[in-house]
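2 protein chains.
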Amino acid sequence: MTTSPRVTIKDVAARAGVSKGAVSLAFNHKPGLSEVTRDRIFEAARQLGWAPNLAARSLAGRRVDVVGLAICRPARLLGLEPFYMEFISGVESVLTEHSCSLLLRLLRTVEEEVGLQDSWWRGKHVSGSILVDFRADDPRVAAVERLGMPVVAVGHPSLTGGLTSVWTDDASAVTEAVRYLAALGHRRVARVGGAAGLGHTAIRTAAFDAAARGLELSGAWQVATDFSGEAGARATRSLLTASASDRPTAIVYDNDIMAVAGLSVASEMGLSVPGDVSLLAWDDSQLCRLTHPTLSAMSHDVHGFGAEVARTLFGVITGGGGGSHPVPTPVLTPRGSTAPPR
Amino acid sequence: MTTSPRVTIKDVAARAGVSKGAVSLAFNHKPGLSEVTRDRIFEAARQLGWAPNLAARSLAGRRVDVVGLAICRPARLLGLEPFYMEFISGVESVLTEHSCSLLLRLLRTVEEEVGLQDSWWRGKHVSGSILVDFRADDPRVAAVERLGMPVVAVGHPSLTGGLTSVWTDDASAVTEAVRYLAALGHRRVARVGGAAGLGHTAIRTAAFDAAARGLELSGAWQVATDFSGEAGARATRSLLTASASDRPTAIVYDNDIMAVAGLSVASEMGLSVPGDVSLLAWDDSQLCRLTHPTLSAMSHDVHGFGAEVARTLFGVITGGGGGSHPVPTPVLTPRGSTAPPR
DNA sequence: GCGCACTCCTAAACCGGTATAGGCCAATGC
DNA sequence: GCATTGGCCTATACCGGTTTAGGAGTGCGC
Numbered sequence: 002m003t004t005s006p007r008v009t010i011k012d013v014a015a016r017a018g019v020s021k022g023a024v025s026l027a028f029n030h031k032p033g034l035s036e037v038t039r040d041r042i043f044e045a046a047r048q049l050g051w052a053p054n055l056a057a058r059s060l061a062g063r064r065v066d067v068v069g070l071a072i073c074r075p076a077r078l079l080g081l082e083p084f085y086m087e088f089i090s091g092v093e094s095v096l097t098e099h100s101c102s103l104l105l106r107l108l109r110t111v112e113e114e115v116g117l118q119d120s121w122w123r124g125k126h127v128s129g130s131i132l133v134d135f136r137a138d139d140p141r142v143a144a145v146e147r148l149g150m151p152v153v154a155v156g157h158p159s160l161t162g163g164l165t166s167v168w169t170d171d172a173s174a175v176t177e178a179v180r181y182l183a184a185l186g187h188r189r190v191a192r193v194g195g196a197a198g199l200g201h202t203a204i205r206t207a208a209f210d211a212a213a214r215g216l217e218l219s220g221a222w223q224v225a226t227d228f229s230g231e232a233g234a235r236a237t238r239s240l241l242t243a244s245a246s247d248r249p250t251a252i253v254y255d256n257d258i259m260a261v262a263g264l265s266v267a268s269e270m271g272l273s274v275p276g277d278v279s280l281l282a283w284d285d286s287q288l289c290r291l292t293h294p295t296l297s298a299m300s301h302d303v304h305g306f307g308a309e310v311a312r313t314l315f316g317v318i319t320g321g322g323g324g325s326h327p328v329p330t331p332v333l334t335p336r337g338s339t340a341p342p343r
Numbered sequence: 002m003t004t005s006p007r008v009t010i011k012d013v014a015a016r017a018g019v020s021k022g023a024v025s026l027a028f029n030h031k032p033g034l035s036e037v038t039r040d041r042i043f044e045a046a047r048q049l050g051w052a053p054n055l056a057a058r059s060l061a062g063r064r065v066d067v068v069g070l071a072i073c074r075p076a077r078l079l080g081l082e083p084f085y086m087e088f089i090s091g092v093e094s095v096l097t098e099h100s101c102s103l104l105l106r107l108l109r110t111v112e113e114e115v116g117l118q119d120s121w122w123r124g125k126h127v128s129g130s131i132l133v134d135f136r137a138d139d140p141r142v143a144a145v146e147r148l149g150m151p152v153v154a155v156g157h158p159s160l161t162g163g164l165t166s167v168w169t170d171d172a173s174a175v176t177e178a179v180r181y182l183a184a185l186g187h188r189r190v191a192r193v194g195g196a197a198g199l200g201h202t203a204i205r206t207a208a209f210d211a212a213a214r215g216l217e218l219s220g221a222w223q224v225a226t227d228f229s230g231e232a233g234a235r236a237t238r239s240l241l242t243a244s245a246s247d248r249p250t251a252i253v254y255d256n257d258i259m260a261v262a263g264l265s266v267a268s269e270m271g272l273s274v275p276g277d278v279s280l281l282a283w284d285d286s287q288l289c290r291l292t293h294p295t296l297s298a299m300s301h302d303v304h305g306f307g308a309e310v311a312r313t314l315f316g317v318i319t320g321g322g323g324g325s326h327p328v329p330t331p332v333l334t335p336r337g338s339t340a341p342p343r
């Protein structure tokens, strides 16, 4: 098979009987060309099936239509986490409107990510990036500020330094969750949290402690996990093995897959939900409506969150933006898995 | 804040006291440089924090370390589908080893995708692509052949023409699933299938029909959905509303989220699983082990599947490869949701 | 002393666009 | 009639790499 010889701007120019400059002008909708010439150029390009070479275009200084997203989690775990795919699909829904693509990369450490963002930016491979999974004293803050790279940080301003950030108020949401359970009459409450190193996990942990103290609960447990269903199941099992008078009567989970796992552990242990133990999920993908009983959750429009992040990034790239953009706090959505304790 | 002036190959060359050509030679590990010069160049680059500009590099003819993946499904639906994220994470696990990134784009139609792949390739933005979700007479086959673009097609060879393909034997798997249910004693079996336009759905549909006929089942229903939990729930509800003597006693689902939904519908209708109806899921993410009862499934290493696709693509890009690469057929994994009918 | 091969390196062309200074020509002002 | 203006377009210098032809220096055989 003969690979079609690549058609360049020069071919189009020749065919239309103009210079390359004219073709460039036409394709970037800049003034300085007559209507007829413009049409002739487009017609020639159409006939030859020409599309501008993005590498050349970005080399010559124009913005490139790609934004970066690097995620530091083991690839295996990521596939199981409903949050990210939904987040990405939200990001994509906005990028698509701007004919923009997402450059995705999974790595192991933040240090690797610093290097990657660096070469993405220096190499003009992206016009900006989305940064996620902030931890305390995150090295990316200083790195991208030094580069002058347009980014949006997904995380609480206390973690993201001076970067433009989009965030949900995790502390308030945790507080609301605990208050709700306390209002139902629960006095012994546990939380199955996410990965310990993550900034938002720390925020939630602190908020949970504060809320438990403020409400003078008689028992408050917290366990860290890796967000996987297996870890959620393990955590639940160990929380529920204590005697009925000592174990928690309500458990809050940091995502929904762990809550589903918890539900299954409860039934495996012969405990009824919400009779013996109430469960409260987080993020609320459609999974929560597919279990039996359905899962109460701190509900959160993850898709919309991703979309907002993308919109904010476009703002930063075009030189505007900056500042801190809170998105709506997750709202409590009671369903079948929470009730007063027996 | 002052954006750091970009450092280019020229700066590195000046600092190391050599020409730009020498720097290029060093960084591409080509022969023709003495050990000392090479070291001096690397040291200079390190001090200046230089990374080669990928746009310039790809413009000048070298392969670029990016592969493309375009998915034609509504962004909203995609977030809910565990398959894709797991697939992508498998792809990434191999790409990462090669310091390669994934360019991801969601679109609405295959026609759009043809245009996108075209400009990705012509624009040298990717060195190859992964094509998914084939349908009958897929226009992408001819398009990428015309371009001479390296791609791997995820789909049965009957759908992917002469393209290098990686595929699972859906027909055998469906047949095995139906045989298994029949062997348990089921005579009325249904299948809740995926999106009607998709090639692999058509293959499964035909295989299901053939198997049902071959085994002389007394009832065989098939319903098409959009893969969402809601659609799975709806389909299950309508299948199970018939009287006990008319409705199916076993249902096969095309993914696992629909099976979870089906499980919940059964219990909402007061039917016991597997007593009144057996359920068999597909793809088998960890979800299937988290329900109660656990879901029997046609189990499939989606992560490994993605990894194999990526490996194959590298083969094609480096000029080798071609042909058809079957990956292991999904294997039946009986769990708690299947049993002989009452 | 000369030719020859070999190693190490440089200069310059090239990739395919964008940006810009300036050329050409008709219309306008005085 | 001649300078000025303005619209339309071309020529050319970039962007930051890769690639190649070839030059400078060294060692060696005869």
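Chains as they are written, first to last, in this note's numbering: chain A, 2 to 343; chain B, 2 to 343. Glycine included, each C-beta is placed from N, C-alpha and C at the ideal position. All values derive from a computational prediction rather than experimental measurement.
How long is the line joining the alpha carbons of A:H126 and A:V65, rounded to whole angstroms? 7 Å
So B:P327 is in the beta strand (DSSP E); what residue range does that whole segment cover? 325-327
Between B:L79 and chain A, is any beta-carbon pair separated by less than 8 Å? yes
Would you kindly report the start and end of the unbroken beta strand (DSSP E) that includes B:A191? 189-194
Helix, strand or coil: how does DSSP classify B:R136 here? coil
Can you confirm whether B:N29, when its beta carbon is compared against all beta carbons of chain A, has any partner nearer than 8 Å? no
Going along chain A, which residues have a C-beta under 9 Å from B:V261? V261, L288, L291, T292
Do A:A234 and A:Y254 come within 8 Å of each other at the CB atom, strictly closer than that value? no
Please list, in chain order, the chain A residues whose beta carbon lies closer than 8 Å to that of B:Y85. M86
Would you check if the region 157-176 of chain A and the region 136-149 of chain A touch, i.e. whether three or more CB-CB distances between them fall below 8 Å? yes
Does the beta carbon of A:D12 sit closer than 8 Å to a beta carbon anywhere in chain B? no
Select from A:L105, A:H293, A:R188 the residue whose C-alpha is nearest the C-alpha of B:V67. A:L105
My assumption, with CB atoms under 8 Å, is that A:G211 sits in contact with A:R180. Please give the rounded CB distance. First, the residue type needs correcting, since residue 211 of chain A is Ala and not Gly in the sequence shown. About 11 Å separates the two Cβ atoms, so there is no contact after all.
Please state whether DSSP places B:M259 in a helix, a strand or coil. helix
The region 122-153 of chain A: which residues have C-beta closer than 8 Å to a C-beta of chain B, in chain order? R123, G124, K125, H126, E146, R147, L148, G149
Quick one: what's got a C-beta closer than 8 Å to A:L78's C-beta in the same chain, skipping five residues either side? D227, F228, S229
May I ask you to report which of helix, strand or coil DSSP gives B:T3? For B:T3, the pLDDT reaches just 40, beneath the cut-off of 50, and the residue's location in the model is therefore unreliable, leaving the point undetermined.
Members of the region 36-63 of chain B that neighbour chain A once the beta carbon cut-off is set at 7 Å: A52, P53, N54, L55, A56, A57, S59, L60
If you check the beta carbons only, do B:V13 and B:A56 fall under 8 Å apart? no
Using three-state DSSP, classify A:R106 as helix, strand or coil. strand
Output needed for B:F88: all residues of its chain with C-beta closer than 7 Å, excluding positions within five of it in sequence on either side, in chain order. V303, F306, G307
Hey, A:E333 and A:A178: beta-carbon distance below 8 Å or not? Strictly speaking, residue 333 of chain A in this sequence is Leu, with Glu absent from that position. Contact: yes.
Could you check whether the Cβ of B:R235 sits closer than 8 Å to any Cβ belonging to chain A? no
Between the region 240-256 of chain B and the region 184-191 of chain B, do three or more beta carbon pairs fall short of 8 Å? yes
Can we say the region 93-105 of chain A touches the region 88-103 of chain B, given the rule of at least three CB pairs closer than 8 Å? yes
Relative to the C-alpha of A:R39, which residue among A:D119, A:M259, A:A23 is closest? A:A23
Using a C-beta cutoff of 8 Å, does B:S90 count as contacting chain A? yes
Taking the CB atoms as reference points, tell me whether B:I252 and B:V278 lie closer together than 8 Å. yes
When Cβ atoms are compared, which residues of the region 218-242 of chain A fall closer than 8 Å to chain B? S229, G230, E231, A234
Please name the residue, chosen from A:P158, A:H99, A:L108, that lies closest to A:T319 on a Cα-to-Cα basis. A:H99
In its own chain, which residues sit with a C-beta less than 6 Å from the C-beta of A:V133, not counting the 5 before and 5 after it? V155
Mind checking which residues open and close the alpha helix (DSSP H) that includes B:V317? 303-318
For chain B, is any of its Cβ atoms less than 8 Å away from the one on A:S102? yes
Based on the DSSP secondary-structure assignment, which residues constitute the bridge partners of B:G322? For B:G322, which the question treats as bridged, DSSP gives no partner whatsoever.
Residues of chain B with a CB under 8 Å from the CB of A:D119: which are they? G50, A52
Alpha carbon of A:V310 to alpha carbon of A:V92, nearest angstrom: 7 Å
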